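*Asks:* Handing you this structure, nothing more for now.
Residue numbers (this note's numbering), protein chains in the order written: chain W, 3 to 118; chain H, 1327 to 1439.
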């Protein structure tokens, strides 16, 4: 497809389990972002990948969160030992270049994570 | 911490009226973008304004940027019920070397038919 694809759309997991969220960016987009959005709130920046540069991990809330981007394309966000406060919608976006270059970001539809 | 902060947090107007949303940010920027979100899922890009621009138009949208006040406004003219959504500003934060895109808390707009 032509857009950003995220899977799964919804994920319900038990507290303490690990989860993996996947993002397929638009082909050719060098920049990839992960955000978290709690109900009725704004977008909380998590991590940013740009080409072959070291990722900006400054938004990851704890060491239970990690992300990787393989081959400059698909990205996986992993949350270990999930907690109830991790429940949120996780949004992925990609763009041709970094935000400083003024390129728009294209968003996936998100993964709604519910930790029970 | 968030780079952009929108106000008001919520806005309710009648169809046909104009809606104005404001965004303030903290650090120097290269550009500022506005996005729209329906139903709490993916965001859609509306318009981008560069730091050397003061005003930009796109259809019923008008965006202004005042870099001296570190603020921007989004005006939607002749609003429609379909404009009901949340609107976010996003900045690149020129002081950030990584070029990440930082969003504000958003304004929830309700347009009543």
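In this text, a Cβ means the ideal position worked out from N, Cα and C, and glycines have one as well. Since we're looking at a predicted model, the values are computed, not measured.
#1: In three-state terms, what does DSSP make of residue 1333 of chain H?
#2: Does the segment 51-61 of chain W come close enough to the segment 1423-1432 of chain H that 3 or more CB-CB pairs lie under 8 Å?
#3: Which chain W residues are close to residue 1371 of chain H, counting only those with a beta carbon under 8 Å from its beta carbon?
#4: Measuring straight from C-alpha to C-alpha, what distance separates residue 11 of chain W and residue 1357 of chain H?
#5: Can you have a look at residue 64 of chain W and say buried or exposed, based on whether 16 or more other CB atoms are within 10 angstroms of its CB?
#6: According to DSSP, simplified to helix, strand and coil, what is residue 1327 of chain H?
#7: For residue 1432 of chain H, go through chain W and note every residue whose CB falls closer than 7 Å to its CB, in chain order.
#8: If we call anything under 8 Å between Cβ atoms a contact, is residue 48 of chain W one with residue 62 of chain W?
#9: So the beta strand (DSSP E) residue 1436 of chain H belongs to, where does it begin and stop?
#10: Does the segment 1396-1414 of chain H come close enough to the segment 11-24 of chain W that 3 or more CB-CB pairs lie under 8 Å?
#11: Hey, how far is the Cα of residue 1328 of chain H from the Cα of residue 46 of chain W?
#12: Determine, for residue 1427 of chain H, whether the minimum Cβ-Cβ distance to residues of chain W falls below 8 Å.
#13: To the nearest angstrom, report how far apart residue 112 of chain W and residue 95 of chain W are at their CA atoms.
#14: Counting only C-beta atoms, is residue 58 of chain W closer than 8 Å to chain H at any point?
#15: If distances are taken between C-alpha atoms only, which option among H:1400, H:1394 and H:1355 comes closest to residue 1347 of chain H?
#16: Output, in sequence order along the chain, the residues in the segment 1372-1397 of chain H whose CB is closer than 7 Å to any CB in chain W.
*Replies:* Let me spell this out:
#1: When DSSP states are grouped into helix, strand and coil, residue 1333 of chain H belongs to the strand group.
#2: They touch, by the three-pair rule.
#3: Going along chain W in sequence order, the residues near residue 1371 of chain H (Cβ under 8 Å) are 106, 107 and 108.
#4: If I take the Cα positions, the gap works out to 31 Å.
#5: Residue 64 of chain W is exposed by the Cβ-count criterion.
#6: Note that residue 1327 of chain H has pLDDT 39, beneath the 50 cutoff, so the model's placement of it is unreliable and no number is given.
#7: Residues of chain W passing the Cβ test: 44.
#8: Inclusion of residue 48 of chain W and residue 62 of chain W in the CB contact set at 8 Å is warranted, their separation being smaller than that value.
#9: Element bounds for residue 1436 of chain H: 1433-1438.
#10: Cβ pair count under 8 Å is below three, so no.
#11: Residue placement at residue 1328 of chain H cannot be trusted, given a pLDDT of 44 that sits under 50; the coordinates are not used to answer.
#12: Taking Cβ atoms only, chain W reaches closer than 8 Å to residue 1427 of chain H, which makes this a yes.
#13: About 9 Å.
#14: Judged by the 8 Å Cβ criterion, residue 58 of chain W is in contact with chain H.
#15: The shortest C-alpha to C-alpha distance from residue 1347 of chain H to any of H:1400, H:1394 and H:1355 is the one to H:1400.
#16: The segment 1372-1397 of chain H vs chain W, Cβ under 7 Å: 1374 and 1376.
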